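**Q**
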Amino acid sequence: MLPSLDDQALNQLFLEAHTHNAWQPREITEETLRQLYALVKMGPTSANCCPARFVFVRSTAGKDKLLPCVSSGNADKTATAPCTVIVAYDKRFYDQLPMLFPVADAKSWFTGSEAFAEQTALRNSSMQAGYLILAARAMGLDTGPMSGFDPEALDDAFFAGTDWTANLLINLGYGDESGVKPRLPRLAFEDACQLA
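The UniProt record's numbering applies: residue 1 is where the sequence shown begins, and numbers increase by one.
#1: Pull up the DSSP beta-bridge partners for Ala133, would you.
#2: Across the region 126 to 136 and the region 34 to 50, are there enough close Cβ pairs to call them in contact, namely three or more that are closer than 8 Å?
#3: Please say whether Ala47 and Arg106 have beta carbons closer to each other than 7 Å?
#4: Below 8 Å on the Cβ atoms is my contact criterion, and I expect Ala166 with Ile86 to pass it. Report the Cβ-Cβ distance as a whole number of Å.
#5: Please name the residue in Arg123, Ala22 and Cys49 whose C-alpha comes closest to that of Phe101.
#6: Just tell me which of Asp156, Arg53 and Ala79 has its CA closest to the CA of Ser59.
#7: Work out the CA separation of Cys83 and Phe56 for me, nearest whole Å.
#8: Which residues in the same chain as Ala121 place their Cβ atom closer than 8 Å to its Cβ, once the five residues preceding and following it in sequence are excluded?
#9: What residue from Leu184, Leu36 and Asn171 has the CA that sits closest to Ala75's CA?
#10: When DSSP labels each residue in this structure, what does Arg34 get in the three-state scheme?
#11: Expressed to the nearest angstrom, what Euclidean distance is found between the alpha-carbon atoms of Thr162 and Asp156?
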């Protein structure tokens, strides 16, 4: 049995971590992004399907394509973030299953139902986005996840002619504490949980 993480780790990952809306002018290197993905890819997905695809938008040209797709309330914080991660999913993720899950013919589970494949891709890529947030925090980075964007415009700008489609955005960098808002309430156990 593994030991529990200490209070410092729990604070960094959950209890004292916040969504960031302002950023220090510090770049994120490609090496750091590769280290981040090396952690993220190890998180579990159903049948090891790994449907998430990540676009790390750091360049001026990339931001110029991205910014017209985000809502006005997300524009400034996205423009100033050192990196914005487009968390997408591959609608044909199952093409990789012979390599990712060789213990069964898992590809056949999805080729007969586009709706089942879509549901699986959305669910599992959302989990992988959560892994990215926690892995980033574990590496000393801050995050600002967002859903305020035009998915069709984003797909046209970044994924035209592919089987990828956007799920959510995550601003990534070294947060400026001036952009941290007070923590909002959370639901109590009794309001959100049941014992069965």
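All C-beta atoms, glycine included, are put in the ideal place defined by N, C-alpha and C.
Owing to the predicted nature of the structure, the values given are computational and were not obtained by experimental measurement.
**A** Considering the structure as presented:
#1: Note on identity: in this sequence residue 133 is Ile, with Ala being the wrong assignment. DSSP lists no partner for Ile133.
#2: yes
#3: Note that residue 106 corresponds to Ala in the displayed sequence, not to Arg. In this structure, Ala47 lies closer than 7 Å to Ala106 by Cβ.
#4: 6 Å
#5: Cys49
#6: Ala79
#7: 6 Å
#8: Cys49, Pro51, Tyr89, Asp90, Lys91 and Phe93
#9: If we check each option's Cα against that of Ala75, Asn171 comes out closest.
#10: helix
#11: C-alpha separation (whole angstroms): 10 Å.
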